[in-house]
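Here the structure comes first, spelled out in structure tokens, and everything after it is commentary.
Numbering (the numbering used here), first residue to last: 15 to 531.
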């Protein structure tokens, strides 16, 4: 059992009460903002400040968690003696790791390292609200509340990875794009320059940002009645620079791609089930329906019921809001999502919740614009209460369960492994779980003080059996496909002979440690 598991349970009865009061207050404020009095314009800024405070609180909650394998690789690259040479052997552009290198020079404790992603995540909430304010002022409050409590954005807001920075750069680029569409001629060049600059920064953070380029074109075409041809040509010209940045990183800087590192990529090709599950993750419902959630099941059921009741009201009444406003972020999302799916199917599979995270705000924008532009005040009140309740549940789920819990329960598994191998050879053990979980466990076994000396994990003669038809032999440092595994008759024979004579030593959240007799 993870060391902090009891601590999480002890705090479950204390922390939710204050957050429940805050959630109730936010719900009342959102309902009151349905029809904002003209003489009370101060309510909306105060409401935004309260939501921003909630966003900060949720993101700084339980920052001092254990670091898992991908985060460890980020720290390894950031701490490399020759950073630029090391960045060429990695499979992501270097911008985030360069920032992390300088950020970690101030302090190297875990909570401070995570704070870099928190800063960009909170900034994303602000930029997202400002973008919606350009489209429809009333939607900015809805969007801020959705972004502040979004399970997807919260999940990656504390990771020592580049996804919060990627989301921030993409949102800022779209914000300056909208300002370009609405700005005067004298400010147009400056806004277009910033639009192109943040697209370059996004590509320099993660190559998947290149799929935002067709999304931007779809965004402009959705509002083609207001966009002149000359302005559209200027926007296309601004997209040349991020495209050149992508070509540079993909073909000249990231040399690991040239050696076929993506040939053993663990993600499957996208099919109907994978695409559907990925789209459902945008709603946050999978995170809300966690099987180990400490929240009463009745709260989850009531929240989902209210969500679908409000949706049914919208469909039944025909109060879809302003279709023209909704069409723009929807086209932006589809213009980026569809090319990513096609690339994942025909080339390298990259369709996961991580790579599509920067598109999540576009979906939230569609919801916010729909609800904010509803004409019927009764339906808007029902939608406001439903949305506030759903956001409160998401915040509670994060505070009680997700944030305090170790992303990978390495503590218990490592201790079980160490205690078991005192008398036996490591080759008598097989670890079942996802590859990144098992690598994280072995990383902590070899190097518990990695934050100080950054020593890479040593080699083990320990076989690791992973799910999803992907197998990882640590001493070879690569994945084995099903076909390759069949050729590895020695390992398969050993595994099949021992399978019926195994002892389960540890089992926690998908990770299992077996000992063979």
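We treat Cβ as the ideally placed atom computed from N, Cα and C, and that holds for glycine.
Assignment of residue 81 by DSSP, reduced to helix, strand and coil, places it in the coil class.
Its Cα nearest to that of residue 385, the residue 339 stands out among 339, 349, 127 and 360. With a cutoff of 7 Å on beta-carbon distance, residue 185 and residue 219 are scored as not near each other. Taking 7 Å as the cut-off, the beta carbon of residue 137 is found no closer than this to the beta carbon of residue 111. A straight line joining the alpha-carbon of residue 346 with that of residue 392 spans about 30 Å.
Selection 171, 58, 413 and 294 evaluated against residue 366 yields 294 as nearest (Cα-Cα).
Look at the region 134-189 and you find these whole runs of alpha helix (DSSP H), each 4 residues long or longer: 153-163 and 165-170.
A distance below 7 Å separates the beta carbons of residue 143 and residue 154. Comparing C-alpha distances from residue 342 to each of 67, 188 and 199 shows the shortest one belongs to 188. In the three-state reduction of the DSSP assignment, residue 90 falls in the helix class, which pools H, G and I. For residue 162, the closest of 133, 81 and 98 by C-alpha to C-alpha distance is 133.
The beta carbon of residue 117 sits closer than 6 Å to those of 130, all from its chain and outside the five residues before and after it, given in chain order. Contact between the region 402-422 and the region 186-206 is absent: fewer than three C-beta pairs spanning the two stretches fall below 8 Å. In this structure, residue 248 lies away from residue 215, with their beta-carbon atoms at least 7 Å apart. The Cβ atoms of residue 284 and residue 400 do not sit closer than 7 Å to each other. In the structure shown, residue 372 adopts helical secondary structure according to DSSP, grouped into three states.
When the Cα atoms are used, residue 265 and residue 259 turn out to be separated by approximately 10 Å.
When DSSP states are grouped into helix, strand and coil, residue 75 belongs to the coil group. When the Cα atoms are used, residue 375 and residue 238 turn out to be separated by approximately 22 Å. Only residues of its own chain outside the window of five on either side were considered, and among them 145, 148 and 149 have a CB closer than 8 Å to the CB of residue 192, listed in chain order. Note on residue 176: 16 or more other CB atoms within 10 angstroms of its CB, so buried under the neighbour-count rule. About 5 Å separates the CB atoms of residue 128 and residue 172; that is less than 8 Å, so the two are in contact. Of the residues 159, 69, 253 and 245, the one whose Cα lies closest to the Cα of residue 227 is 253. Taking a 10 Å sphere around the C-beta of residue 95, we find fewer than 16 other C-beta atoms and assign the residue as exposed. Remark: C-beta atoms of residue 234 and residue 251 do not approach each other more closely than 7 Å.
Looking only at 372, 203 and 140, the smallest Cα-Cα distance to residue 157 is reached by 140. Here residue 79 is buried: its Cβ has 16 or more other Cβ atoms, across all protein chains shown, within 10 Å.
In the DSSP annotation of this structure, the continuous segment of the alpha helix (DSSP H) that includes residue 292 starts and ends at 286-295. Approximately 20 Å separates the beta-carbon atoms of residue 165 and residue 64; this is outside 8 Å, ruling out the contact. Looking at the backbone, the Cα of residue 98 and that of residue 74 are separated by about 31 Å. The Cβ neighbour count for residue 368, taken over all protein chains shown within 10 Å, is at least 16; the residue is labelled buried. Residue 181 is a Cβ neighbour of residue 372, given a cutoff of 7 Å.
Of the residues assessed, residue 389 falls on the exposed side of the cut-off, its CB having fewer than 16 other CB atoms within 10 angstroms. If you compare the alpha carbons of 199, 344 and 160 with that of residue 244, the shortest gap goes to 199.
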